[in-house]
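Taken in order, the sequence shown gives residues 89 to 453; the numbers are from my numbering. For each residue, glycine too, the CB sits at the ideal point set by N, CA and C. Have a look at the structure below before the remarks.
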Amino acid sequence: MKVALVNNHHPFSGAGKYAFNLLTNFRKFNKNVKMFYLETDSNKIEEISGVEKIKKNLGFTELNKSLLPYFWFTRKIPDGFDVYHATNQFLSKLAKYHKNCVITHMDIRPIAYPYDFRMKMVGVMLKHLLKYYKYAAKILALSEVVKNELLEMGVVEEYVVDVVYPGYDPKVYKPFPKSKARKKLNLPQDAKIVINVGSEEPVKNIPMLINAVDQLQSGIPEIMLVRIGGSKESGKYWEKEIDAKNRINIMELQKIPESEMHLYYNAADVCVTPVLYGEGFLFPPLEAMACGTPSIVSDELKVFEKGSLVVPKDSIEELKDAIYKVLTKNSLSKQLSKKGLRDAKNFTLEKNVKNTYKAYEEIAS
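The structure is reproduced here in structure tokens:
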């Protein structure tokens, strides 16, 4: 069976990590899988075995992200494959051009949480792209919540939708001594480190986290925030918190190699993901749990509630209280570490790859 993975996201992004994880692990098991990757000036990658780059650039990053995949990229995928997999919903038009097409449905965030004009326009486009789901042989939803959201919109019948959770690689994300991780990363041994990983869009709720850390300083003067992700431009979403940001001990990093991320999780005392919308599935809480790092998530991420401490998405007081307790109560920290390690085993990359390939076999038979 020949499979074409179709992807337009860099591996540093969540959607890109999902697609490249599939490619890497399918090829480990000698599956006949090839990726077609849309490369633009803002989306370049090195040469990777099994990846064919399809290059095009419209001159503007936003056009490259939106119009280019829709109007051009999906038309350029060649015939000759038994299964085609659009690895995110913005490539759903692929199903119109190729039968036996699988679409990964990640979430409806641009529709459910349009925080500015640009995102509203993306939501309009997504509503249009969802119409192509009717051509798909199978839809892979990243969680039960995402599946239910999709069914409520009446886009597809339930029998077409399978829930296939993404997963982490236990060979990469695993416990490592905190002191050694901090030494490797040149982080202070005596700090109380809060880590947050992801973009800085409003949906990530970074302002509330910054203010929580700021307000905790009086009781925990050694508290430190490590922020990984985002871009130089994304800070505009929390300019109002610039005073609070300037008061706290914060380290801001971008594009950390996958091979080093486990060190940052293991160096941290707690991973906090206070998102305002669940986005289906997020890697950072899972990767933290797999490293044995206590995880705090908002009530939008119910998928991780068994292994994390859950707080209301809009309550800075409860977020502060949760962070304070994890940083000051060793018994709670150890309890969350054990719960996280146990729950993470439900979301391994091996399970993700196995269940995804099973979906391919079902539609190709």
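Review point. Would you call the CB atoms of LYS141 and GLU127 closer than 8 Å?
Key: Numbered from 1 along the sequence shown, position 53 holds the residue referred to as residue 141. Numbered from 1 along the sequence shown, position 39 holds the residue referred to as residue 127. Yes.
Review point. When DSSP builds the beta bridges, which residues end up paired with ARG315?
Key: Translated into the one-based positions of the sequence shown, residue 315 becomes position 227. The partner list for ARG315 (beta bridge, DSSP) reads ASN284, GLU340.
Review point. How about the stretch 421-440 and the stretch 377-396: do they share at least three Cβ pairs that are nearer than 8 Å?
Key: yes
**Study point:** DSSP-derived helix/strand/coil call for ALA229
**Key:** For the purposes of this step, residue 229 is taken as the residue at position 141 of the sequence shown. Here ALA229 sits in strand by DSSP.
Review point. Would you say LEU182 and VAL94 are within 8 Å of each other, going by their C-beta atoms?
Key: Your numbering for residue 182 matches position 94 in the sequence shown. Your numbering for residue 94 matches position 6 in the sequence shown. Yes, they are a contact pair.
**Study point:** Other residues of its chain near ASN131: CB distance less than 6 Å, five sequence neighbours each side excluded
**Key:** Within the sequence shown, the letter at position 43 stands for residue 131. Once the five neighbours on either side are set aside, the close Cβ partners of ASN131 are HIS98.
Point to revise | Residue range of the unbroken alpha helix (DSSP H) whose run includes GLU406 | key: To locate residue 406, count along the sequence shown from 1; it is residue 318. Per DSSP, GLU406 belongs to the alpha helix (DSSP H) from 404-416.
Exercise for review: Would you please state the rounded distance, in angstroms, between the beta carbons of PHE114 and VAL414? I believe it to be under 8 Å.
Suggested key: Position 26 of the sequence shown holds residue 114. Position 326 of the sequence shown holds residue 414. Wrong, their Cβ atoms sit about 38 Å apart, outside the cutoff.
Exercise for review: Using beta-carbon positions only, say whether MET213 and TYR158 come within less than 8 Å of one another.
Suggested key: Here residue 213 refers to the residue found at position 125 of the sequence shown. Here residue 158 refers to the residue found at position 70 of the sequence shown. Contact: yes.
Review point. How would you label TYR256, buried or exposed, when you count the other beta carbons within 10 angstroms and need 16 or more for buried?
Key: Sequence index remark: in the sequence shown, residue 256 carries index 168 (1-based). Burial call: buried.
Exercise for review: Can you have a look at GLN277 and say buried or exposed, based on whether 16 or more other CB atoms are within 10 angstroms of its CB?
Suggested key: Start at 1 with the first residue of the sequence shown, and residue 277 comes out as number 189. Exposed, by the Cβ-count rule.
Practice item. Could you name the residues of the same chain whose beta carbon sits closer than 7 Å to that of VAL176, not counting the 5 residues immediately before and after it, in chain order? Key: One-based indexing of the sequence shown puts residue 176 at position 88. The question names Val, yet the displayed sequence has Asn at residue 176. So the list reads HIS97, ALA103, THR192, MET194, once near-sequence residues are dropped.
**Study point:** 4 or more residues per run - each alpha helix (DSSP H) lying fully within the stretch 344-395
**Key:** 346-355, 371-378
Check your understanding: Beta carbon of LEU297, beta carbon of VAL360: below 8 Å?
Key -> Reading the sequence shown from its first residue, position 209 is the one you call residue 297. Reading the sequence shown from its first residue, position 272 is the one you call residue 360. For LEU297 and VAL360, yes; Cβs fall inside 8 Å.
Point to revise | Straight-line Cα distance separating ALA300 from TYR353 | key: For the purposes of this step, residue 353 is taken as the residue at position 265 of the sequence shown. For the purposes of this step, residue 300 is taken as the residue at position 212 of the sequence shown. Each residue's alpha carbon lies about 20 Å from the other.
Point to revise | Limits of the unbroken beta strand (DSSP E) element including PHE170 | key: By one-based count along the sequence shown, residue 170 stands at place 82. For clarity, residue 170 is Asp in the given sequence; the question names Phe instead. That residue, ASP170, is in no beta strand (DSSP E); it is neither H nor E in DSSP.
**Study point:** Residue from VAL190, PRO202, VAL363, GLU367 whose Cα sits closest to the Cα of SER403
**Key:** Here residue 403 corresponds to residue number 315 of the sequence shown, with the count starting at 1. Of the candidates VAL190, PRO202, VAL363, GLU367, the one whose C-alpha sits nearest the C-alpha of SER403 is VAL363.
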